[in-house]
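Taking our numbering, the leading residue of the sequence shown gets 800, the next gets one more, and so forth. Written below as structure tokens is the structure these notes are about.
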Amino acid sequence: MDTQKSFDTLSEYGTLYLVPTPIGNLDDMTFRAVKILQSADLIAAEDTRNTQKLLNHFDVQTKQISFHEHNTAERIPELISKLKQGITIAQVSDAGMPSISDPGHELVVACIREHINVVPLPGANAGITALIASGLLPQPFYFYGFLSRKPKEQRAEIDELRNREETMIFYEAPHRLKKTLKNLLTQLGGDRQAALCRELTKKHEEFIRGTLDQVNEWANSTEIRGEFVIIVSGNAHPQTQGDDPLAGMSVDQQVDFYIENGLSVNEAIKKVAKDHHLKKQVIYNQYHDIK
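Quick look at the structure:
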């Protein structure tokens, strides 16, 4: 058990501040966040070059040190040592909240283990920003972040989410958006409500709302640019294993199930496509691994 009094002046250690940065619009930086960056002894930044632009904008002179996913193991002991010496550190990621699909969690755990105070600041978060404008139920929600980049693993992850009743939040890069939307479509069905939230808080902010079928059509007819948050409605009629022998099976497994029960390959594919409200060609291409 660990109890933290965040502003206990008797502590001989420094404090780790978790400072959110804007996800696009620099005006979203809070007064408190700027003050912490100005008063900290050191800023641990995911990309010092990117953070320097933010510091220059707000006239922050604090020295930086790099802290990212590739140097976590070597950097954490160094940062812990500095905190134990009484140095105050502000940790930032390139955009949004530290630790949310960005570096930070391991450092927080290490600080807690060493009884060093960890103080979070509120601020910008792409997932919540997208959720409240998506038009889908804002609560309960399930934040997933980035799905696997490998198609087979990604489909398996989505299969695990199929019966979740909460609204789901995903992040995706522009060059992977079409493939991820295709897998969401084939695994969850085309009639799920969804919203694509692009370039949040920036000049070209855009929301594409509709069914998974419709947003897939949009993606396939549009030049994809910018970072995306994908919001998908939960399953209003989740099925348990007892309700449906296919519950928990991937699309490929469902096709195999029908084949084992006497249908031809084409009949099984047609049946699965109908079950998921999808075109037969979509299931055919996935089952036969046609890109």
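Ideal Cβ placement from N, Cα and C applies to all residues, glycine included.
(message) With H, G and I counted as helix, E and B as strand and the rest as coil, what does DSSP make of residue 926?
(response) Here residue 926 sits in helix by DSSP.
(request) Can you tell me which of the three DSSP states residue 919 falls into? (result) Correct three-state label for residue 919: strand.
(message) Pairs of beta-carbons, one from the stretch 1005–1020 and one from the stretch 1051–1067, closer than 8 angstroms: are there three or more?
(response) No, the stretch 1005–1020 is not in contact with the stretch 1051–1067.
(message) Mapping the DSSP letters down to three states, classify residue 1077 as helix, strand or coil.
(response) In the structure shown, residue 1077 sits in coil (DSSP, three-state: anything other than H, G, I, E or B).
(request) May I ask you to verify whether the stretch 927–937 touches the stretch 901–914, counting CB pairs closer than 8 angstroms and requiring at least 3? (result) Contact between the stretch 927–937 and the stretch 901–914 is absent, because fewer than three Cβ pairs lie under 8 angstroms.
(request) Look up residue 872 in the DSSP assignment and say whether it is helix, strand or coil. (result) In this structure, DSSP gives residue 872 a helical state, which the three-state scheme calls helix.
(message) Here's the rule I'm using: 16 or more other beta-carbon atoms within 10 Å means buried, otherwise exposed. How should residue 838 be labelled?
(response) Around the C-beta of residue 838, fewer than 16 other C-beta atoms lie within 10 Å, and the residue is accordingly described as exposed.
(message) Quick check on DSSP: helix, strand or coil for residue 1072?
(response) In the structure shown, residue 1072 adopts helical secondary structure according to DSSP, grouped into three states.
(message) Quick check on the DSSP output: what are the complete alpha helix (DSSP H) runs of length 4 or more inside the stretch 817–842, in order along the chain?
(response) Whole alpha helix (DSSP H) segments, 4+ residues: 830–838.
(message) Going residue by residue through the stretch 937–994, where are the continuous alpha helix (DSSP H) segments of at least 4 residues, counting only ones entirely within it?
(response) Correct list: 950–960 and 976–987.
(message) Excluding the 5 residues flanking residue 921 on each side, which residues of the same chain have their C-beta closer than 8 angstroms to its C-beta?
(response) Excluding sequence neighbours, residue 921 sits near 819 and 829.
(request) Taking 8 angstroms as the cut-off, decide whether the C-beta atoms of residue 1008 and residue 1027 are in contact. (result) Not closer than 8 angstroms, so no.
(request) Tell me, to the nearest whole angstrom, how far the beta carbon of residue 903 is from that of residue 890; I am working on the premise that it is less than 8 angstroms. (result) 6 angstroms between Cβ atoms; contact.
(message) Could you give the first and the last residue of the continuous alpha helix (DSSP H) run that contains residue 857?
(response) Residue 857: not part of any alpha helix (DSSP H); DSSP gives it neither H nor E.
(request) State yes or no: is the C-beta of residue 886 within less than 8 angstroms of the C-beta of residue 840? (result) The beta carbons of residue 886 and residue 840 sit closer together than 8 angstroms.
(request) Quick one: give me the first and last residue of the beta strand (DSSP E) that residue 889 is part of. (result) Residue 889 -> beta strand (DSSP E) spans 888–891.
(request) Let me know if residue 960 comes out buried or exposed under the rule of 16 or more other beta-carbons within 10 Å of its beta-carbon. (result) Residue 960 comes out buried.
(request) Would you mind sorting residue 979 into buried or exposed? The rule is 16 or more other CB atoms within 10 Å of its CB. (result) So residue 979 counts as buried.
(request) Could you please give me the residues that DSSP links to residue 1006 through a beta bridge? (result) Paired residue(s): 996.
(request) Note the first and the last residue of the continuous alpha helix (DSSP H) segment covering residue 1056. (result) According to the DSSP assignment, residue 1056 belongs to the alpha helix (DSSP H) that extends over 1050–1059.
(message) Using only the alpha-carbon positions, how far apart do residue 822 and residue 1000 sit?
(response) Between residue 822 and residue 1000, the C-alpha separation is close to 7 angstroms.
(request) Would you tell me roughly how many angstroms separate the C-alpha atoms of residue 1087 and residue 949, rounded to the nearest one? (result) Straight through space, the alpha carbons of residue 949 and residue 1087 are spaced by roughly 17 angstroms.
(message) Just to confirm, is the Cβ distance from residue 986 to residue 1010 under 8 angstroms?
(response) Result no, Cβ atoms of residue 986 and residue 1010 do not sit closer than 8 angstroms.
(request) Report yes if the C-beta distance between residue 854 and residue 866 is below 8 angstroms; otherwise report no. (result) Not closer than 8 angstroms, so no.
(request) Can you tell me which of the three DSSP states residue 1030 falls into? (result) The three-state reading of DSSP puts residue 1030 in strand, counting E and B together.
(request) Measure the C-alpha to C-alpha separation of residue 926 and residue 941 and round it to an integer number of angstroms. (result) Approximately 10 angstroms between the Cα atoms of the pair.
(request) Sort out for me which residues DSSP pairs residue 895 with in a bridge. (result) Beta-bridge annotation (DSSP): residue 895 is paired with 820.
(message) Helix, strand or coil, according to DSSP, for residue 864 in the structure here?
(response) Here DSSP, grouped into helix, strand and coil, assigns residue 864 to strand.
(request) Determine, using beta carbons only, whether residue 1077 and residue 995 come nearer to each other than 8 angstroms. (result) No; because the gap between Cβ atoms is not below 8 angstroms, this pair is not in contact.
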